[in-house]
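Worksheet: the structure to be examined is printed underneath.
Numbering (my numbering), first residue to last: 2 to 166.
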């Protein structure tokens with residue numbers, strides 16, 4: 002090592018085959034240059050930011066060499082992360098959530114009606130409606146208590162009350 006020369010950290014990884022890959026470099030600062038396979042992706046003259054690198058432009062299982070040149074930085078925290086999103090699994094879970102979500106009908110004025118699937122015991126419903134004390138909720142014509150969830154309206158309901166709704 003020559004202490005008068007800038008140091009580098011080098012990582013090697015394969016582009017993940019099980020989903021879309023994103024590389025997270027948390028400590029990119031004004032003092033680093035970042036390269037992937039000899040192509041510079043971040044320069045020390047740019048603004049500080051935690052840096053996300055989309056790896057979708059690389060081929061699956063390609064070997065990536067990531068080099069962080071420390072330029073004039075005397076030390077660095079070594080903590081890169083590679084994240085993947087399994088699109089097939091995500092689609093399955095999103096479909097399940099859609100199947101189990103309430104169907105909403107709005108009269109265009111003041112009435113929302115929810116057609117709920119089989120509720121879970123002790124179920125709650127969070128709406129995207131801003132909380133206001135003037136709102137009312139009913140199940141089978143019987144009042145339901147509104148619950149303030151941050152700034153939104155939530156409803157607590159009992160399973161037996163909504164089965165026939």
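The C-beta atom is built at its ideal place from N, Cα and C for all residues, glycine as well.
Residue burial annotation: residue 63 is exposed, with fewer than 16 other C-beta atoms found within 10 angstroms of its C-beta. The C-alpha of residue 84 lies about 5 Å from the C-alpha of residue 23. By the Cβ test, the region 36 to 43 is not in contact with the region 103 to 115, since fewer than three Cβ pairs between them sit closer than 8 Å. Of the residues assessed, residue 154 falls on the buried side of the cut-off, its CB having 16 or more other CB atoms within 10 angstroms.
Counting of Cβ neighbours within 10 angstroms places residue 112 among the exposed residues, the total staying below 16. Judged by their CB atoms, residue 65 and residue 26 are not nearer to each other than the 8 Å cut-off. Rounded to whole angstroms, residue 35 and residue 59 show a C-alpha spacing of 17 Å.
Between residue 131 and residue 152, the C-beta spacing is below 8 Å.
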